[in-house]
Amino acid sequence: MIKVENLVKKYGETTALDGISFEIKEGKFFGLLGPNGAGKTTTISILSTILRPDSGTVRIAGFDLQKDPDQCKRNIGVVTQEIALYNKLSAFDNLMFWGGIYDVPKAELKTRISEILSLFGLTERQHDKIEAYSGGMKRRINIASAMLHRPKVLFMDEPTVGVDPQSRNLIFEVLEKLHKEGITIVYTTHYMEEAERFCDQIGIIDKGKIIAEGTLAELKKSGGIKESIAVTFNEISEEVAKKIGTFLDGEFKFTGNTLHYYSNQIKSDLGKLIVLCNDQGADISNIEIQKVNLETIFLSLTGKQLRD
Amino acid sequence: MFRIAIKDLKLFVAEKRSMILTFIVPIPLITLFSLAFGGMGKSSDVRKLPLVVCDEDHSISTKRLVQQLDSLPQLRLFHTSLDTANDLVQKGKEDAALVFHKGFADSLEEGKNLPIELRYDKAKEVQMGMLMAVLSGNLMHLVGTKSLERKAIVRFDQQNPGMDSAMKKGVHQMIASNFGGGTSTGKSEAILTSTALSAQAEVSPGLIQAVAGTAVMMLLFSVAGLGASLLQEKEEGTLKKLLFSPLTPGNILFGKMISANIVAMTQLLIMFLFSWLAFGLDIKQNIPGLILMIIATAFACSGFGIMLASFVKTRAQVQGLTTLIVLTMSAIGGSMMPTFVMPIWMQHMAVFSVNYWSIQGFYDIYWRLKPISDPDFLMRVGMLFLIGLVLNTIAIFMFRRNILKIA
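This is how it looks when you write it as structure tokens:
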């Protein structure tokens, strides 16, 4: 559905995109993750046709972005991070306008608006002005306004930022529904749990390059990161720490009063580790299992937290 | 494009403050300016300019001239002696004194330079500008033709001293007829009646000045606000969202232009309807002319608003620039005061403002009573369309060039 090859974009001396390439198959939920300034927004801006690349090619739904931008535009919907709605107009009027500019016939558009408002639980409030809506309700309408022309590809840039739990759950329901319907979704987020929950393909971008790409399982494998057990002691002497170390056959490190023990068999090693610590007279105050997740993969690959 | 225009009009209607600023605020301003310019009601109610008259000649000619000046709707004459007149003007109690010196009638008959003098208070140059505008037109018409006619006859007699009297009489009559009248005083009065008074028949120029001047000035302010809606779209992210859609930058800008023109035309129409209902400006007398001038003015003004928004980066900048440009254009273009009271260089500058061409166009319709086919009127309409075209073209160019940056 989307094929990106050797995309380059420079702003003066700064290289925002340094020849990135990736492919997203039809119906996939693709998460584009990266720290701030990594090139996510530039990538999305190019794919959504408002920024011209310096070089490289992009094909969306079979159309070349450079040669046929109009067809590309008709096949995409963009949910921006900022809520881009007309506050003085009602939700209905907003949706009529945003659907109308894609030439959806009026009667058909009204039907779609009715359906989408019902889906987002906003039928009752459809004739209220947007300015009277809560942040979460506005965000729901913002998403709805990008879906009225039934795009094949939906770009969603942090669609749940600043959203209340009720709206977030409704948005998640819609995302799941859209995914089931086979719409290709390109999703950027800072929320790891969202990416892990929805994305069946993840691209991690840093310094203008795609540094990892694949399913979550593939990323876990390729990163070579092991799960770990963090044992925190109330107090531990250097001598006791050394003794414990002599009995451990895997990778470990002490940071202050905390022992980090890395293993591929966390469950079976957990019991042994507790017994060992007790036998050496160490006073355990807390035990935590640190699983491999997107956050640890991201940290390992970029050296930064996802929220940096 | 039309969807953008309809959406913008809906937003405009939904924004009560814009509605009030566009349609309500100009009304008290028009009323205020109408009162200031003495433009209430018909021309008979116009505030008259005071003028002291001293007739040192005491001839039939001067008496007749003073009588004719006294009948002009713009003047209110006081008769007094030369000493008193000098005293009044010097003390600033009166603006000016028109003095007919001894020998006026003889000079008029002999075609010599006329001993007529206007003594005025230098501190009142603005009033003098208005007074001169009234006097120079009417006085020159009253005495100038007669004076020139006499000069031509005297010169002819000097060059042809041997011609017999019957032939001379015939030539004299030909010269007189060439000056449009003849030697009888009755015909001289007929010239006054048929020309000077006809253009001022029903309506006060002050009213036209107030209505047209204020309407155009307020229109420039409101279209600048509409232009700023483009920047509001940028700031709120909707412009970016529009660019994701199949709409082209041209579609977006043309949509804005359509809505700006509709609002501008509505605003002008309301201003003139108000002037008709409140002050008796007879807008019905030349409806096609009014419509044409409204369309041309709206086109030029909306071009100004859109152009401003196409290169300015923030709404705050628009507000600052609008105030500066609109007030400057209004000052030099005649919205704040009639151009004839301005220095000559400013009168020349006036042609660079939308206000000037529009106000002159409305003068053509309601003061000079020109038909829609009149070349001068059409020229003013054409100038407004030309200004609008230039401004809109610049706006399109700038918008297309900057669209991706401004989004």
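If you read the protein sequences in the order shown, they are chains A and B. Here this note's numbering = 1-based position in the first sequence + 501. Here this note's numbering = 1-based position in the second sequence + 33. Cβ atoms here follow ideal geometry from the backbone N, Cα and C, with glycine treated the same way. Just so it is clear, the structure is predicted and the values come from calculations on it, not from any experiment.
- In this model, B/LYS273 and A/ILE551 are separated by some 8 Å (Cα to Cα).
- A/LEU795 places its beta carbon less than 8 Å from that of A/ALA696.
- At a C-beta separation below 8 Å, A/TYR688 has no neighbours in chain B, since its nearest C-beta there lies roughly 16 Å away.
- With contacts defined by Cβ atoms closer than 8 Å, B/SER292 and B/ASP41 form a contacting pair.
- DSSP, reduced to helix, strand and coil, places A/THR612 within a helical segment of the structure shown.
- Under the DSSP assignment, A/ARG560 falls in the beta strand (DSSP E) whose first and last residues are 556 to 561.
- Here the segment 659 to 667 of chain A does not lie against the segment 585 to 601 of chain A, with fewer than 3 beta-carbon pairs under 8 Å apart.
- Within chain A, the residues whose beta carbon sits less than 9 Å from that of B/PHE277 are SER549, THR550, ILE551, LYS574, ILE577, GLY578, VAL579, THR581, ALA647, PHE656, listed in sequence order.
- With its beta carbon at least 8 Å from every one in chain B, A/ALA562 lies outside the interface.
- Between B/MET326 and B/VAL423, the C-beta gap is not smaller than 8 Å, which leaves the two residues out of contact.
- By the C-beta density criterion, B/PHE254 is buried, having at least 16 other C-beta atoms within 10 angstroms.
- At least one CB of chain A lies nearer than 8 Å to the CB of B/THR271.
- Contact between B/MET416 and B/TRP390 holds: CB atoms are separated by about 5 Å, below the 8 Å threshold.
- Secondary structure note for A/ILE686: it is in no alpha helix (DSSP H), and the uninterrupted beta strand (DSSP E) holding it is 685 to 689.
- Across the segment 592 to 609 of chain A, CB contacts with chain B closer than 7 Å involve ASP594, PHE598, GLY601, ILE602, TYR603, in sequence order along the chain.
- The CB of B/ALA47 comes closer than 7 Å to the CB of LYS589, LEU590 in chain A, given here in chain order.
- Your pair A/ASN765 and A/LYS792 does not check out as a contact, with CB atoms roughly 12 Å apart and the cut at 8 Å.
- According to the DSSP secondary-structure assignment, B/THR113 is paired through a beta bridge with no residue.
- With a beta-carbon spacing of about 6 Å, B/ALA257 and B/VAL351 fall inside the 8 Å limit used to define contacts.
- Taking a contact to require three or more Cβ pairs closer than 8 Å, the segment 377 to 384 of chain B and the segment 287 to 305 of chain B do not qualify as touching.
- The beta carbon of A/PHE656 sits closer than 6 Å to those of ILE545, SER549, VAL579, VAL687, all from its chain and outside the five residues before and after it, given in chain order.
- Shown here for A/THR543: same chain residues with a beta carbon closer than 7 Å to its own, the five before and five after excluded, namely LYS510, ALA517, LEU518, LEU552 in chain order.
- Approximately 6 Å separates the beta-carbon atoms of B/ASP128 and B/PRO83; this is inside 8 Å, confirming the contact.
- Residue A/ASN595 holds the alpha-carbon nearest to the alpha-carbon of A/HIS628 among A/LEU649, A/LYS754, A/ASN595, A/ILE737.
- With fewer than 16 other beta carbons inside 10 angstroms of its own, A/ASN735 counts as exposed.
- Taking the Cα positions, B/ASP116 is about 59 Å away from B/VAL296.
- Listed along the chain, the chain B residues whose CB falls inside 8 Å of the CB of A/ASP571 are PRO279.
- For B/ALA130, the uninterrupted beta strand (DSSP E) segment begins and ends at 129 to 133.
- The bridge partners DSSP lists for B/ARG152 are B/ALA130.
- With a minimum length of 3 residues, the unbroken runs of beta strand (DSSP E) contained wholly in the segment 653 to 721 of chain A fall at 654 to 658, 685 to 689, 702 to 707, 710 to 715.
- Residues of the same chain with a CB within less than 6 Å of the CB of A/LEU749, apart from the 5 flanking positions on each side, do not exist.
- When B/GLY313, B/ALA248, B/THR347 are compared, the shortest CA-CA separation from B/GLU269 is found for B/THR347.
- By the criterion of a C-beta distance shorter than 8 Å, B/LEU54 is surrounded in its chain by PHE254, SER255, GLY258, once the five residues flanking it on both sides are discounted.
- Below the 8 Å Cβ cutoff, chain A contributes PHE598, GLY601, ILE602 as neighbours of B/ARG36, in chain order.
- A check of alpha carbon separations from A/MET597 across A/SER615, A/GLN582, A/GLU583, A/THR581 identifies A/SER615 as the nearest.
- Beta-bridge annotation (DSSP): A/ASN787 is paired with A/THR733.
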